[in-house]
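S.K.: Pasting in a structure now, in C-alpha cells, and then I'll have a few things to ask.
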Amino acid sequence: MRTKARVLQGLGTLLAVGAALFAGVPGAGADDALPVPAPPHLISAVVTGCHAPCAIGQSGDVVLTWEQSPPPSNDVGVDYREYSNDFRLAEVDWMKHDSNTTTVAIPICASDWSRPYCYPAYVDALRGHEVMTVTAFSLAGDPDQGTLRTSAESAHSNGLVPTQG
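Residues are numbered in this note's numbering as their position in the sequence shown, beginning at 1, plus a constant of 8.
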C-alpha cells in the first residue's frame with residue numbers, strides 16, 4: 009500500500025508541474041493571435057481548355073484573378089485558399105502575382121487521373137460551372153523553425169461563376 013501511495017503522490021506532482029509548464033508555453037495565449045485579413049475581391053473567373061462543364065475525358069483550367077488583401081502589418085504575410093461551391097481546392101497549375109492582384113490556374117482533372125489530388129470528390133467539385141470564391145489568412149514566422157502561425161480565414165470573397173475563355 010505504501011508503494012501505491014508513493015506512485016499516486018508522484019503522479020500528482022508530475023501533473024502539477026506539467027500543468028504549470030504548459031500554462032507558460034509561448035503562443036498559448038490569445039495575445040499571439042494573428043489578425044484576420046479582409047476578404048479578397050474576385051475580379052474574374054474563366055474556364056480555358058474545355059467547355060464548361062468539362063466532361064470526363066476533357067481537361068482544362070479555371071483561371072481566377074483577385075485583388076490581394078492588404079497585409080495587416082509589415083511582418084505578417086497573407087496567403088489564399090480557393091473554393092468551388094465551398095469545396096476547398098488544393099492544387100494550382102500556375103500562379104502569378106502582380107502589384108495588387110493574384111492569378112491562379114486551377115486544373116480541372118476530369119481527364120487527368122494521374123494527379124494525386126484527382127480523387128472523386130475533387131473531380132466532382134470542379135468542372136468549370138461552379139461558384140468560385142477565395143479566402144485570405146495571415147501568416148507569420150518560419151515553418152522550418154517551427155514558428156509558423158496562421159490566422160483564421162477571412163470571409164469568402166464575392167462569388168463568380170466562370171465564363172468561357
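In this text, a Cβ means the ideal position worked out from N, Cα and C, and glycines have one as well. Everything numeric in this text was worked out from a predicted model, so none of it was measured.
1) According to DSSP, is D152 part of a helix, a strand, or is it coil?
2) Could you name the residues that DSSP lists as bridge partners for L72?
3) Can you give me the start and stop residues for the beta strand (DSSP E) that Y127 sits inside?
4) Quick one: Cα of V112 to Cα of W102, how far?
5) Buried or exposed: where does S165 fall if 16 or more other Cβ atoms within 10 Å of its Cβ makes it buried?
6) Assign V86 to one of two classes, buried (16 or more other C-beta atoms within 10 Å of its C-beta) or exposed (fewer than that).
7) Would you identify the three-state DSSP class for V100, choosing helix, strand or coil?
M.R.: Answer, in terms of the structure:
1) Three-state result, D152: helix.
2) Bridge partners of L72: A53 and V112.
3) Boundaries for Y127: no beta strand (DSSP E) harbours it, and the DSSP string shows neither H nor E there.
4) Going by the C-alpha atoms only, they are around 6 Å apart.
5) Taking all protein chains shown into account, S165 has 16 or more neighbouring C-beta atoms within 10 Å of its C-beta and is therefore buried.
6) Buried, because 16 or more other Cβ atoms sit within 10 Å of the Cβ of V86.
7) Taken through DSSP and simplified to helix, strand or coil, V100 comes out as coil.
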